[in-house]
Structure formats: structure tokens, C-alpha cells
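Visitor:
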Ligand SMILES: [Zn+2]
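Residue numbers (the numbering used here): 14 to 257.
1. Specify, as a first and last residue, the run of the alpha helix (DSSP H) that residue 256 falls within.
2. Please state whether DSSP places residue 61 in a helix, a strand or coil.
3. Buried or exposed, going by whether 16 or more other CB atoms sit within 10 Å of the CB of residue 95?
4. For residue 19, collect the residues of the same chain with a Cβ closer than 6 Å to its Cβ; drop the 5 residues on either side in sequence, then sort them by chain order.
5. Just to check my reading of the structure: residue 203 and residue 160 have Cβ atoms closer than 8 Å, yes? What is that Cβ distance to the nearest angstrom?
6. Between which two residues does the alpha helix (DSSP H) containing residue 193 stretch?
7. Are the beta-carbon atoms of residue 78 and residue 92 separated by less than 9 Å?
8. Rounded to the nearest angstrom, what separates residue 34 and residue 186 at their Cα positions?
9. Can you give me the C-alpha to C-alpha distance between residue 61 and residue 28, rounded to a whole angstrom?
10. Determine, using beta carbons only, whether residue 115 and residue 17 come nearer to each other than 9 Å.
11. State the start and end residues of the unbroken alpha helix (DSSP H) segment that holds residue 138.
12. Indicate, with yes or no, if ligand 1 has a heavy atom lying under 8 Å from the CB of residue 61.
13. Whole angstroms are fine: how far does the CA of residue 102 sit from the CA of residue 247?
14. If you draw a straight line from the alpha carbon of residue 138 to that of residue 43, how long is it in whole angstroms?
15. Quick test of the definition: if touching needs 3 or more C-beta pairs under 8 Å, does the segment 197–211 touch the segment 138–152?
16. Between the segment 232–246 and the segment 118–135, do at least 3 Cβ pairs fall closer than 8 Å?
17. Leaving out the 5 sequence neighbours to the left and right, which residues in its chain are closer than 7 Å to residue 14 when beta-carbon positions are compared?
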């Protein structure tokens with residue numbers, strides 16, 4: 014859409030910085046660290062990062078993935094998140110037909126990315142991210158009724174599953190974060206596609222678990238699975254094929 018091009022350009026230009034901010038959220042929220050007031054510092058030597066260390070995409074390449082002070086390697090996922098956030102902004106711009114749609118879609122995709130990485134790295138789905146996803150997905154829904162029903166049913170089904178597992182197996186099987194995540198994912202895909210989302214997420218999680226077991230030569234049923242990551246990936250796949 015021609016009239017939306019300044020916004021499209023703006024979204025793409027700020028997206029590496031958004032990716033950088035999402036990486037800070039994923040790095041700090043699960044550890045209970047302050048996101049706003051605490052300045053960025055090297056996790057290895059504690060040196061506060063300067064302007065030259067904080068340029069998204071460029072800093073990592075320029076410093077060759079190492080701290081400028083102690084040369085400790087910087088976790089590459091921070092850099093990958095900046096690239097991924099930029100790619101997602103591009104997709105949102107290509108898919109969005111109005112400025113509001115573009116911004117909303119970009120925000121949802123960015124939140125899905127942050128949640129997926131957070132669960133993968135820490136097995137945590139911070140409330141700030143699951144709550145933000147639910148709010149934006151409900152506000153953005155083309156069919157609010159389907160979104161509310163999707164969110165409600167998603168949360169109820171997962172809460173029941175969590176309770177049932179705990180009663181039967183006498184241990185925690187599904188995190189509370191997964192239950193909260195379903196509010197946003199249910200609103201995003203809507204009631205009709207909710208079963209498909211859960212099926213796709215479960216199949217993905219099981220496939221990854223089996224691949225891991227095959228690689229290690231044994232299967233450990235008590236090993237935690239980042240189910241939230243699989244669900245976010247499933248929601249993204251549904252969105253890609255036009256089902257969200
Ligand atoms: Zn350092």
C-alpha cells in the first residue's frame with residue numbers, strides 16, 4: 014500500500030533495536046532483574062556497555078561477538094533476535110494492509126519471538142510478555158467474539174490439562190505460564206483454529222523431544238519441554254498460511 018510506505022520503512026528501521034530490546038527482556042525478566050533502570054553491562058566482566066556496544070546488528074559484527082573489554086563471547090542469540098525481529102517486521106509490512114494492522118501484527122510477531130526464546134532458554138514465559146500478547150491480540154482481532162472465545166477456551170482447556178496432569182501424575186506437567194500464554198494465542202488464532210494450534214504445538218514439541226532422545230540414545234519423560242516455544246512456533250505457522 015503506497016500511503017503506508019513511510020510507516021513501513023519506519024517499522025523496518027526500528028526493528029533491529031526492537032529485537033535488541035526484546036533480547037534484554039528475555040535475558041532479564043526470567044531472572045527477575047530490572048529491565049528499565051539497570052544499564053546494560055557485560056555478563057562476564059560487568060563493564061557497562063557504551064554507545065558503540067549498543068548499535069543493533071552492527072555492534073555484534075564489529076566486535077566479532079565478543080565483549081570490547083574482556084573479550085568474553087557474547088551469547089549469539091542476542092544477535093539472532095535482532096535479525097529475527099527485522100525479518101518479522103518485514104513480514105508484517107508485507108502482510109498488513111492498514112498502518113494499524115501492520116503495527117499490531119509486528120508487535121504480535123515480536124512478542125511471539127520473545128516468548129518462544131524465553132521458554133527455550135529458561136523454561137519461563139514472563140507475565141509481561143504473555144499479558145502483552147493477550148492484550149494486543151484481543152485489541153487487534155478482526156472478529157472480537159472469536160478472539161475472546163479462543164482466549165477463554167484456550168486458558169480453560171490448559172488449566173484443566175494442568176490440573177488433570179497434577180492429579181494423575183502427582184507432579185507438575187504444564188507450567189502456569191503455558192496456561193497464561195493460551196489467552197494470547199487463543200485470541201490470535203481464534204476459536205475455530207484453536208484445536209489446530211494445540212495439535213500442531215503438541216506434534217512439534219513431541220517431534221523435538223523424540224529427536225533429542227534419539228540423539229542422546231535415551232528418552233527421559235521427566236525432562237522439561239519448552240512447550241510454549243512449540244505453541245508460539247505453531248501460531249506463527251498458522252499466521253503464515255493465513256489462519257490467524
Ligand atoms: Zn566483558
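The beta-carbon is built from N, C-alpha and C at its ideal position, and this holds for glycine as well.
Since the model is a prediction, treat every value here as computed from it, not as a measurement.
Guide: The answer reads as follows:
1. For residue 256, there is no enclosing alpha helix (DSSP H), as DSSP marks it with neither H nor E.
2. Strand.
3. That one is buried.
4. Around residue 19, the same chain offers no residue with a beta carbon nearer than 6 Å, after the five sequence neighbours per side are excluded.
5. Correct: roughly 6 Å between the Cβ atoms.
6. Looking at the DSSP string, the run of the alpha helix (DSSP H) that includes residue 193 is 189–229.
7. Result yes, Cβ atoms of residue 78 and residue 92 sit closer than 9 Å.
8. Between the alpha carbons of residue 34 and residue 186 lies a gap of roughly 31 Å.
9. Using only the alpha carbons, I get a separation of about 23 Å.
10. For residue 115 and residue 17, yes; Cβs fall inside 9 Å.
11. Boundaries cannot be given for residue 138, as no alpha helix (DSSP H) includes it and DSSP labels it neither H nor E.
12. In this structure, ligand 1 has no non-hydrogen atom nearer than 8 Å to the beta-carbon of residue 61.
13. If I take the Cα positions, the gap works out to 18 Å.
14. For the pair residue 138 and residue 43, the Cα-to-Cα distance works out to about 8 Å.
15. With the rule of 3 Cβ pairs closer than 8 Å, the segment 197–211 counts as touching the segment 138–152.
16. Counting Cβ pairs under 8 Å, three or more are found: they touch.
17. Confidence at residue 14 is low in this model, with a pLDDT of 48, below 50, so its placement is unreliable and the value that follows should be read with caution. For residue 14, where only same-chain residues beyond five positions count, the Cβ hits under 7 Å are 110.
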